[in-house]
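These notes are about the structure you will find just below.
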Amino acid sequence: MNRKLIRPNLTEIKEKMSHEKDRDKEAVRKRMHPPTDTFAECYYYLKQMNKKTPMAVVYTDGTAVEGYVEWYDRNCIKLNRDHAPNLLIYKNSIRCIYKVEDVPDAEDTGPRKK
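One gets this note's numbering by counting positions in the sequence shown from 1 and adding 5 to each.
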């Protein structure tokens with residue numbers, strides 16, 4: 006029985022390797038952009054909702070209301086308040102949101118204590 010020796014064609018292997026290198030170079034050139042959404046807002050709202058943290062919402066005109074965030078979505082938040090009606094606030098009308106306990110008193114330089 007005669008065995009035949011099969012040799013691979015080296016030019017084919019070299020071509021395959023050069024194509025792989027070209028693909029790697031294209032992958033480097035076509036880098037993905039970083040994600041636009043970091044989910045930091047979702048994390049912050051969920052944390053405050055679970056703890057029912059008293060929050061102050063300041064409107065763009067400077068008016069501030071206090072309560073806790075019951076739920077939120079892409080465009081608005083629902084603020085529950087004690088002894089006052091609950092509010093549905095559009096996010097585009099909010100200047101800032103902060104924890105009520107983080108606001109310093111006029112007499113005290115530290116955070117407000119309960």
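Backbone N, C-alpha and C define an ideal beta-carbon position, used for all residues, glycine too.
| query | result |
| --- | --- |
| Run through the DSSP bridge pairs and tell me what N85 is partnered with. | Y73 |
| Can at least three beta-carbon pairs, one atom from the region 59-68 and one from the region 39-46, be found at a separation below 8 Å? | no |
| Less than 9 Å separating the beta-carbons of Y95 and A61? | no |
| Let me know the secondary structure DSSP gives P26 once reduced to three states. | The question names Pro, but residue 26 is Lys in the sequence shown. Of the three classes helix, strand and coil, the one that applies to K26 here is helix, per DSSP. |
| Do you know offhand how far V70's Cα is from R28's? | 57 Å |
| If we require 4 or more residues per run, which alpha helix (DSSP H) segments fall completely within the region 37-67? | 45-56 |
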